[in-house]
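Just add 74 to the spot in the sequence shown (first one is 1) and you have the numbering used here. Working notes, structure below.
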Amino acid sequence: MSRHQLTPSHTEQGSSGGGKLRPSGAGQLGIFSPGEAGPGDRADSWLPEGSDDVLLVTSSAFLRAEVERIVAAAGAHLRVAADAAGASRHWDGAGAVLVGSDIRELPPRRRAPAVLVGLDGEGDSLWHLAAALGAERVAVLPDAAAWLADHLSRSKSPGPGGLVLGVTGGCGGAGATTAAVWIAQAAAGLGVRVLLVDGDPWGGGLELAIAAEENPGLRWPDLAEARGSIDPAQLSDSLPIAGGFSFLSWPASRDQPAPVAAATTVGVLDAARRGYELVVVDIGRRTEPLQAFAWDCDRILLVVPAQLKAAVAAVRLLQEFPPVEAALLVRGKPGAALDGSLLSEAIGLPVQGRVPELRGVAAATESGRLLDLGKRRGVRHFAASVLDLLGDDMPVGGPA
Numbered sequence: 075m076s077r078h079q080l081t082p083s084h085t086e087q088g089s090s091g092g093g094k095l096r097p098s099g100a101g102q103l104g105i106f107s108p109g110e111a112g113p114g115d116r117a118d119s120w121l122p123e124g125s126d127d128v129l130l131v132t133s134s135a136f137l138r139a140e141v142e143r144i145v146a147a148a149g150a151h152l153r154v155a156a157d158a159a160g161a162s163r164h165w166d167g168a169g170a171v172l173v174g175s176d177i178r179e180l181p182p183r184r185r186a187p188a189v190l191v192g193l194d195g196e197g198d199s200l201w202h203l204a205a206a207l208g209a210e211r212v213a214v215l216p217d218a219a220a221w222l223a224d225h226l227s228r229s230k231s232p233g234p235g236g237l238v239l240g241v242t243g244g245c246g247g248a249g250a251t252t253a254a255v256w257i258a259q260a261a262a263g264l265g266v267r268v269l270l271v272d273g274d275p276w277g278g279g280l281e282l283a284i285a286a287e288e289n290p291g292l293r294w295p296d297l298a299e300a301r302g303s304i305d306p307a308q309l310s311d312s313l314p315i316a317g318g319f320s321f322l323s324w325p326a327s328r329d330q331p332a333p334v335a336a337a338t339t340v341g342v343l344d345a346a347r348r349g350y351e352l353v354v355v356d357i358g359r360r361t362e363p364l365q366a367f368a369w370d371c372d373r374i375l376l377v378v379p380a381q382l383k384a385a386v387a388a389v390r391l392l393q394e395f396p397p398v399e400a401a402l403l404v405r406g407k408p409g410a411a412l413d414g415s416l417l418s419e420a421i422g423l424p425v426q427g428r429v430p431e432l433r434g435v436a437a438a439t440e441s442g443r444l445l446d447l448g449k450r451r452g453v454r455h456f457a458a459s460v461l462d463l464l465g466d467d468m469p470v471g472g473p474a
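Below you can see the structure in the form of structure tokens.
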């Protein structure tokens, strides 16, 4: 489940050992815009399997015109219905179903729409509507035009794709970064191709917690100009490595974080999904990071201390979550103020693991020694239990 806002652009590989993605000519990253076939592609290879019909449900003439242009560039046939009643007869036979942001009701007992399509300026209401309708993705036009065409292309024969796992704190200081680092470290130790993503520009830089601020490779500001589809192999080659896994961090700097467009965020996560078997995203608790990353996650783990106040804060935060599978990671020793079963009942999510309460975690985070703590038996047991519960959702050996 993800939110997409992509604009066409092209990038080329930088120098080895941490080069930068930078604007360049077409064709060097396998990136293409709507209507521009990639190497060996034909227009009909863009179409979803079984049908070349794309169903758009909207009564907005402007939205229809925007989508018509995108679908025509993809070589598909667009069928438009003004409302749920008109869409019902074509819904199941369509290769892809797009629903406009003006629609509030869907045909009963039908599959969820693939994409909610809206316009720039509609704001947070798009994500609330997507959650209510059960839409899998959100496309904000015109910025998402390139992504939407690319989505139709890959929907016919999708690659295996890695698992995107979000980790966020139910309250401030819950320990989400710690849990995310340990999960990534444990998965890498099992031979899984892992990317750890810093999703909080105001968090001070995840790289500090793993003493990797000097490791060569791209950080988020280096990707600020990237747009459209990014080659996953090039992204992987350009990122720094620590603890056996790749990571993408905000720089550890006193400077105010440079803004990175939502289009860039989605393009990077899309490439990460295609290039790694597991992508662990340390999501911040602010509304902006939640919207930027949570919609691209297949699962979300909510780290909650075993305290009543933390449970109340977590319930509030859940109201900002997309309709994606979520579970709790309880932090605290057995016998704490609230046990796991009480937390689960209060918050309404199952418990997927217990983050070990270790002495000196805060100091280790400050001094960049989280990876050292990750080697302890209790931490390895915690992380292994989380990975075991992910089960077959993690396509080990899939992406190259």
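C-beta: ideal position from N, C-alpha, C; glycine also. All figures in this text were calculated on a predicted structure; none of them were measured in a lab.
query, result
"Could you pull out every unbroken beta strand (DSSP E) segment of at least 3 residues lying fully inside the stretch 190-226, listed in chain order?", "211-215"
"Can you tell me which of R443, G341 and L292 puts its alpha carbon nearest to the alpha carbon of A300?", "G341"
"Measure the beta-carbon distance from A260 to R454 and round it to whole angstroms, keeping in mind my assumption that it falls under 8 Å.", "6 Å"
"Just to confirm, is the Cβ distance from A326 to G273 under 8 Å?", "no"
"So, V354 versus V435, is the Cβ gap smaller than 8 Å?", "no"
"Starting from the C-beta of T439, find all residues in its chain whose C-beta is less than 6 Å away, skip the five residues before and the five after it, and write them out in chain order.", "A283"
"Rounded to the nearest angstrom, what separates R390 and A146 at their Cα positions?", "43 Å"
"Under 8 Å by Cβ, that's how I've got G244 and R347 pegged, so tell me the actual separation to the nearest angstrom.", "25 Å between Cβ atoms; not a contact."
"Can you name, in chain order, every residue of its own chain whose Cβ lies under 7 Å from the Cβ of A478, other than the five neighbours on each side?", "With the chain covering 75 to 474 only, the question about residue 478 has no answer from this structure."
"Assign V131 to one of two classes, buried (16 or more other C-beta atoms within 10 Å of its C-beta) or exposed (fewer than that).", "buried"
"Taking just the CA atoms, how far does I304 sit from G99?", "Residue confidence is low: G99 scores 29 on pLDDT, short of 50, so the model does not pin down where it sits. No coordinate-derived value is stated."
"To which residues does DSSP link G174 through a beta bridge?", "V191"
"Find out if the Cβ-Cβ distance for the pair G149, S175 is shorter than 8 Å.", "no"
"Give the secondary structure of Q259 by DSSP, where H, G and I count as helix, E and B as strand, and everything else as coil.", "helix"
"Could you check which residue in S418, K407, R211 and S199 has the C-alpha nearest to that of A186?", "R211"
"Exposed or buried, G414, counting other C-beta atoms within 10 Å across all chains shown (16 or more means buried)?", "buried"
"The beta strand (DSSP E) that contains T242, what's its start and end?", "L237 to G243"
"Check the DSSP bridge columns for D272 and list the partner residues they point to.", "D356"
"How big is the Cα-Cα spacing for R433 and W201?", "40 Å"
"Assuming the contact rule is C-beta atoms closer than 8 Å, D370 and L343 should be a hit. Round their C-beta distance to whole Å, please.", "5 Å"
"Taking only three categories from DSSP, how would you classify L402?", "strand"
"Hey, how far is the Cα of E351 from the Cα of T361?", "27 Å"
"Going by beta-carbon coordinates alone, are A380 and A336 separated by less than 8 Å?", "no"
"Given a threshold of 16 other Cβ atoms within 10 Å of its Cβ, counted over all protein chains shown, does R359 qualify as buried or as exposed?", "buried"
"Who does L375 pair with in a DSSP beta bridge?", "V241 and A401"
"Given a cut-off of 8 Å on the beta-carbon distance, is the pair P314 and G291 in contact?", "yes"
"Any idea which residues DSSP pairs R267 with across the strands?", "DSSP, once it has assigned bridges, lists no residue as partnering R267."
"Can you find the residues in the same chain that come closer than 6 Å, C-beta to C-beta, to A156, ignoring five residues on each side of it along the sequence?", "S133"
"What's the gap between the Cα of E394 and the Cα of A420?", "17 Å"
"I need the straight-line Cα distance from A345 to P306, nearest angstrom please.", "5 Å"
"Alpha carbon to alpha carbon, how far is D329 from A285?", "19 Å"
"At what residues does the alpha helix (DSSP H) containing Q365 begin and finish?", "T361 to F367"
"The ligand MG and D217: does the residue's C-beta get closer than 7 Å to at least one heavy atom of that ligand?", "As for the ligand MG, it is missing from this structure, which has no ligand bound."
"Let me know the secondary structure DSSP gives I304 once reduced to three states.", "coil"
"In three-state terms, what does DSSP make of R433?", "coil"
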